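*Asks:* Protein chains in written order, with our numbering: chain D, 380 to 713; chain S, 111 to 403; chain G, 17 to 409. Idealized CB from N, CA, C, for every residue including glycine. All values derive from a computational prediction rather than experimental measurement.
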Amino acid sequence: MKKKRTVFYLLILALVLLLYLVFAQLIDAKVINRYYSGIITMVCINIILAVSLNLATGFLGQLVLGHAGFMSVGAYAAALFTIHSGLPKMVSFPLALVLGGLVAAVFGVLIGVPALRLKGDYLAIITLGFGEIIRVVITNMDFTGGARGLRGIKHLTDFTWVYFVAVLTVAAVFAFIRSRHGRAVISIREDEIAAEASGINTTYYKLLAFIISAFFAGVAGALYAHHIGVLIPSKFDFNYSTEILVMVVLGGMGSITGSIIAAVVLTILPEFLRNFSDYRMVVYSVILICVMLFKPSGLLGQHEFSLVGIWDAVRGKGKRNRADGPAVGGQKGA
Amino acid sequence: MGFLSQVINGLGLGSIYALVALGYSMVYGIVQLINFAHGDIIMVGAYATYVLLVMVGAPLWAAVVGSILFCTLAGIFIERVAYHRLINMNAPRISLLITAIGVSIFLQNLSQLIFKSDGRSVPNMFNFGTVQAGSLQITSAAVINIVTSVVMMAGLQILVGKTKMGKAMRATSEDAEAAKLMGINTNSAIAFTFGVGSALAAVGAVLYCNTYPMITPYMGGLLGLKAFVAAVLGGIGNIPGAMLGGYVMGVAESLTKGYISSSFTDAVVFGILIVVLLVKPDGLLGKNVSEKV
Amino acid sequence: MKMRILSIALAAAMLTSGLTGCSKGADKNSEASGAASGASGDVIKIGGLAPLTGAVSVYGNATNNGIKIAVDEINDAGGVLGKKIQYICYDEKGDATEAVNAYNKLVQNDEVVALVGDVTSTPTLAVAQQAIQDGLPMITATGTAEAITQTGDNIFRACFTDPFQGELMANYASKKLNAKTAAIIYNMADDYSLGLMETFEKTAKELGLKIVAKESYTTNDVDFKSQLTKIAAQKPDVFFVPVYAQDLALIAVQAQQIGIKAKMLGADGWDGVLEKIDKSNVSALDGSFFSSQYSAESDDPALKKFLSTYKERNKTEANMFSVLGYDAMKMMAQAITEAGSTDSQAIVEKLAAIDYNGLTGNIKFDKDRNPIKQAAITTIQGGKNKFVEFYKK
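1) Could you work out which residue in G:152, G:82, G:78 and G:95 is closest to residue 353 of chain G when comparing CA atoms only?
2) Just checking my contact of residue 518 of chain D with residue 205 of chain G at CB under 8 angstroms: how many whole Å lie between their CB atoms?
3) Nearest by alpha-carbon distance to residue 348 of chain G: which of G:66, G:90 and G:75 is it?
4) Who are residue 378 of chain G's beta bridge partners in DSSP?
5) Of all the options G:189, G:134 and G:198, which has the alpha carbon lying nearest to the alpha carbon of residue 173 of chain G?
6) Less than 8 angstroms between the CB atoms is what I'm expecting for residue 270 of chain S and residue 349 of chain S, so what's the real figure, rounded?
7) Could you tell me whether the segment 399 to 406 of chain G touches the segment 297 to 316 of chain G, using the rule of 3 or more Cβ pairs below 8 angstroms?
8) Checking contacts by CB at 8 angstroms: is residue 106 of chain G closer than that to chain D?
9) DSSP state of residue 191 of chain G, grouped into three classes?
10) Can you list the residues of chain D that residue 116 of chain G reaches, using a CB-CB cut of under 9 angstroms?
11) May I have a chain-ordered list of the alpha helix (DSSP H) segments no shorter than 4 residues that lie completely inside the segment 237 to 300 of chain G?
12) Along chain G, which residues have their Cβ under 9 angstroms away from the Cβ of residue 116 of chain S?
13) Measuring alpha carbon to alpha carbon, tell me which of S:162, S:236, S:289 and S:308 ends up nearest residue 262 of chain S.
14) So with CB distances below 8 angstroms, who are the chain G contacts of residue 384 of chain D?
15) If you run the structure through DSSP and keep just helix, strand and coil, what is residue 105 of chain G?
16) Counting only Cβ-Cβ distances shorter than 9 angstroms, please list the residues of the segment 494 to 510 of chain D near chain S, keeping chain order.
17) Considering only the beta carbon of each residue, do residue 358 of chain S and residue 386 of chain S sit closer than 8 angstroms?
18) Note the first and the last residue of the continuous alpha helix (DSSP H) segment covering residue 304 of chain S.
19) Given this structure, state the Cα-to-Cα distance separating residue 336 of chain G from residue 441 of chain D, to the nearest angstrom.
20) If the cut is a Cβ gap below 8 angstroms, which residues of chain G does residue 433 of chain D touch?
21) Please report whether the beta-carbon of residue 519 of chain D lies at a distance below 8 angstroms from any beta-carbon of chain S.
22) Do the segment 331 to 346 of chain G and the segment 68 to 86 of chain G touch if we need at least three Cβ pairs shorter than 8 angstroms?
23) Could you check what DSSP says for residue 38 of chain G in three-state terms: helix, strand or coil?
24) From the DSSP output, in three-state form, read off residue 530 of chain D for me.
25) Below 8 angstroms, how does it come out for the segment 196 to 203 of chain G and the segment 244 to 260 of chain G: are there three or more Cβ pairs, yes or no?
26) Can you tell me which of the three DSSP states residue 304 of chain G falls into?
27) Rounded to the nearest angstrom, how far is the Cβ of residue 234 of chain S from that of residue 317 of chain S, given a contact under 8 angstroms?
28) With 8 angstroms set as the bound, which would you pick, yes or no: does the beta-carbon of residue 614 of chain D sit closer than that to a beta-carbon of chain G?
29) Within the 8 angstroms Cβ cut-off, does residue 219 of chain S reach chain D?
30) At 3 residues or longer, what runs of the beta strand (DSSP E) sit wholly inside the segment 116 to 191 of chain G?
31) Looking only at its own chain, which residues have a Cβ that is under 8 angstroms from the Cβ of residue 622 of chain D, when we skip the five neighbours before and after it?
32) If you follow the alpha helix (DSSP H) that residue 361 of chain G is part of, which residue opens it and which one closes it?
33) Would a check of beta-carbon distances place residue 388 of chain D closer than 8 angstroms to chain G?
34) Taking contact to mean at least 3 C-beta pairs separated by less than 8 angstroms, is the segment 401 to 412 of chain D in contact with the segment 570 to 580 of chain D?
35) Between residue 628 of chain D and chain S, is there a C-beta pair that is closer than 8 angstroms?
36) Quick check on the DSSP output: the alpha helix (DSSP H) that includes residue 472 of chain D runs from which residue to which?
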C-alpha cells in the first residue's frame, strides 16, 4: 500500500511540474498574454487563500470571518519590507513572502488566543471584528499610506513564484491534515469535548491550525501586493473575506481539492461573465444559501481527489466513496 | 459643551441600536442563531419607507405602517425559506451562520441592484426643531427616538410576559423539545419571534430615516453589527439587557466621536464586544448557561 | 445518491463553462460604442475604464455617458484620421485590482491605442503604474490625486487636482469672502477629502486665515453631531466641507440643526448635491459656495447642446463627471488627429502641447500634465445653483 502511495505521489509531482512547464512556455511565448497571466496569478493567490481558510473553517470547524485581515497584514508587511529594505529583489522578495506570512501568523496568535476561547458564533463575530479593526488601524496609520494606500510596490510576483508557492501551500496543508496533528484538529471539529476528554490539547491545536491558516493568508497577501503594485486598506474588508468563504463553502469544507476547484472557478468565471457582474454577489449569496440548505458539506464534501481511489475503482476493487470531480491543475492524492 | 448634549445624542442613536438589538436578542434566545441578516432588515424597512413615501406618495402614517408590515412579512419569509429547515434538522451551528451571512449579502446586493448604490434622501418626517438650553442641545429626533424605544420595549415586555404567544416563545427558548411535548407549536413561536423582531427593526428604520435622512443598500451592515454588540453587551436573550446595551453603545459611540476621533468608533465598538465576551460573556444582565456533555 | 450526481453535474458544468469561456473572445463583454467593423484596420480603438457597478457607479456611469456622447459626435463628423472610433469600456467595479485586470485586457486583447480613464483616484493610480510601462497615452477625466500624473510622461488629466481646489477655496475665502476664521470637516478615509483639506489648511496659514476647528469623520458615518457641535462652539466665519455630495447632504442638514451660521465652502465633489438632498432640507445649503469644473448656467452653446443631448439619452441630468468625460475624449481625439497616426509617442507629444477649447473652458497642460484652466464658483440659493464668477487665485 505504501509503495503504491509513493508512486502516486511522484506521479502527481510530475503532473504538477508538467503543468508548470506548459504554462510557463505559453507565457514566455506570449501566447498567454499579460491579461490572462494576470488571471492565472489571481487564481493561484485565491487557491492559497481558500486552502488556508479551509484549514481553519473546514478542518477545524471554526467560522473565521476576518481572513482578509490576515491577508492585508501580510501584504503590507511584505510591501513595506521590499520598499525599504534596499536589498536586491532576488533576496528581498522571498524574504518578504516569509515575513508577510510570519507577521500574519503573529496576528493569528494575538487574535486566536482570545478568540478561540469562545464558542462558534461568537468566534465568528470576533474574527469579523478583528478584521475590521485591522482595517481601521491601517487606514489611520501614516507609514502604511493610510487611506491613500501604499503605492510604488515593485511588480515582483510572476507566474513561477505564485505557482510554486501555491503548490507548496497545498502540499503543506495536505501534509498537516494527513499527520496526527491534522487528525487531532479534525477530531476537535467532530466533537471538541470528546477530543479534550481523550487527552488532546484542544487549545494548542486550535491555535496551531489558526496560526497556520493566518500564515498562508499572509503569504498570499504578500504575493498579491507585488502583483498589483498598490495596496488600499478598503479592499481587505468583510466582502473580500466573504468571497474567500464562498470558495471554501462551495468547494467543500474539509476538502482541499474542493477549495482548489472552487478557487479556480470563482476566479475565472466572473472574468468571463463581465456582463453579469452586477448580479455576481447576488448569485454568490444564493449559492451560499442553497449549498447550506441542500448540501452543507459543499460540492466535494470532505473528499479529496484520489489517484489511488480512481485506480482502485478502475480495477473494480471495493467501494470507495469519493467524488469523481474532474481533474484540473495539480492536486494531491490520498 | 455639552458633555450632556453628547450623551443625549448618544441616547438618541442608542435607541435605534436598542430596537434592533431586541430583534437579535429574541432570535438568539429562541433558536440560538445570530441572525446576520437582521441588520439588513433595517435597510429593507428604510427602503420600504422611502418607496411608500417618495415613490408612491403615501401619507406618512401609511408609509410607517406599510413599512412595518412589509418587514414583518420579510422576516417571517426569510425564516421559512432559509432557516427553518436547518433549525428543524438540528444542523451544525456553522451552517446556520453561513446561511445567515448569505441572506445578508443577498439583501444588500438585491437592494443595490434595484436602487443603485448611491444614497437616496428621505424627506423630513417628524422634525420639530431643536431645543437649546444654554449649551445644552436636544434635537427633536433624539427625543422621539428615546420615547419610542421605551414605549416599544414596554410593549414587548407585555407581549412576552403576559400573552399566550409570549409564553410559547419563552417556553421554546427555555427548552424546545419539552415545549413541543407540552403541545406548544414551536414553529409558530419561532416564526412569530422573527416577525416581531423584524417589526421592531422596521420601527428602528423609520426612526433612523428621521434622524439621518440618507439611505444606502449597505446601511444595515455596520448598524446591525453594532446592534448585535449591544445585544451581547446587555446579555443576549435578555430583553431589558438589549435596551441597556443599545443605549450604552450609542453613548459610547457619541463620546468617542466627540472626544477621541470618529475613525476609532468601529474599533471601540468591537473592543467592547471583545472585552465583554472575555470578561463577562453573559453580558450585563444575562444569565450563564453551561454546556452539558 | 441523487445529491452526489447533482453536485458532480454542477461542478462539471461550471468547469466546462469556465474552460470554454477561455476560448471565447473578449468582445462580448465590452461596452462598445461607435462603428465596430470586423477588421481592426477600419477603426481606431480607444479604451475606457470606469466603475459601472459598485459603490461609486454613479460617477462611473456619468463619466462613461459623457464620453459616449463625445465619441458619437466625433464619428458623426467623420471620425479621426478617416476612421471611426471604437470605444471599448470595461467596468472595474470601483476596485483597483479589477481596474488593472481590465486595463491588461484592453491593451493585450483589444489592442487599444489610447485610454480614457479611470474615474476615481485609487484605481487610476494603479492603472497609471501599468500604463507607464506600456507608454500608452492615458487621460483621466476625473482622477484628482496629484500623484496620478506624476507617475509618468504619458499620463494626463482633464480635471483639477485636489491641491488646486484646496488652494483655490482658501484664497476665495480669505480674499473674496474676507473670512478671518475657518473650520474644516473632512473624511479622513478618503483620498480626495484628505488632499483638499491639507492644501486648504496650508494655504490658509499662508494667508493668515485662522483654522479654529478641524474635525474628521470616516466613510459610512452618518452622524456628525459630535463634530459639528464642536465646530459650532468656535463660531467660524467660513466652514470648509471638502466632501462628496452624499455626505454633504447629511452634514448640511445636521449643521443647520445645530445652528452653524458660517458660510459653507466646498469643491467639485459637491456637484449634484441638490439631487441628493431632499427638497424639504434645501435651505441648509443656502449661501454656500463651491468650486466646480464648469458652470451649468453658462451661455456656451456647445455646453447647452451637450446638456440637452445627455438628458435626452440618459433621462438624468448631466453632471461634472459627464462634462469632463466628454472633454477628455475630445482631447484625446484631437491629439490623435494632430499626431496624424496612432503611434503612442506621437499622440503623447501632441497631447502635451494641446490647446483645446471644450465644455470646461480652454485647456492647456502644464509641465506636470495637469490642465491650466479656470474654476467656476457657484453658489446655492433657494435650492438652485447660481453661477457667481470664474476665479483664478
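*Replies:* Well, looking at it:
1) It is G:95 whose Cα lies nearest to the Cα of residue 353 of chain G.
2) Cβ-Cβ separation between residue 518 of chain D and residue 205 of chain G: approximately 5 angstroms, consistent with a contact (criterion under 8 angstroms).
3) When each option's Cα is compared against that of residue 348 of chain G, the closest is G:90.
4) G:373
5) G:134
6) 7 angstroms
7) yes
8) yes
9) helix
10) 417, 606, 607, 608 and 609
11) 241 to 250, 261 to 274 and 289 to 292
12) Near residue 116 of chain S (Cβ distances below 9 angstroms), the residues of chain G are 241, 242 and 245.
13) S:308
14) By Cβ distance, chain G contributes nothing, its closest Cβ being about 25 angstroms from residue 384 of chain D, past 8 angstroms.
15) strand
16) 494, 496, 497, 498, 499, 500, 501, 503, 504, 505, 507, 508 and 509
17) no
18) 296 to 321
19) 49 angstroms
20) Going along chain G, no residue has its Cβ under 8 angstroms from residue 433 of chain D, so there is no contact; the nearest lies around 16 angstroms.
21) yes
22) yes
23) With a pLDDT of 37 at residue 38 of chain G, under the threshold of 50, the predicted position of this residue should be treated as unreliable, though the coordinate-derived value follows. Residue state, collapsed to three classes: helix.
24) coil
25) yes
26) strand
27) Incorrect: roughly 13 angstroms between the Cβ atoms, too far for contact.
28) Taking Cβ atoms only, chain G reaches closer than 8 angstroms to residue 614 of chain D, which makes this a yes.
29) Residue-level contact by beta carbon holds for residue 219 of chain S and chain D, with a gap shorter than 8 angstroms.
30) 130 to 132, 154 to 156 and 171 to 173
31) 645 and 663
32) 360 to 368
33) no
34) no
35) Judged by the 8 angstroms Cβ criterion, residue 628 of chain D is in contact with chain S.
36) Per DSSP, residue 472 of chain D belongs to the alpha helix (DSSP H) from 468 to 494.
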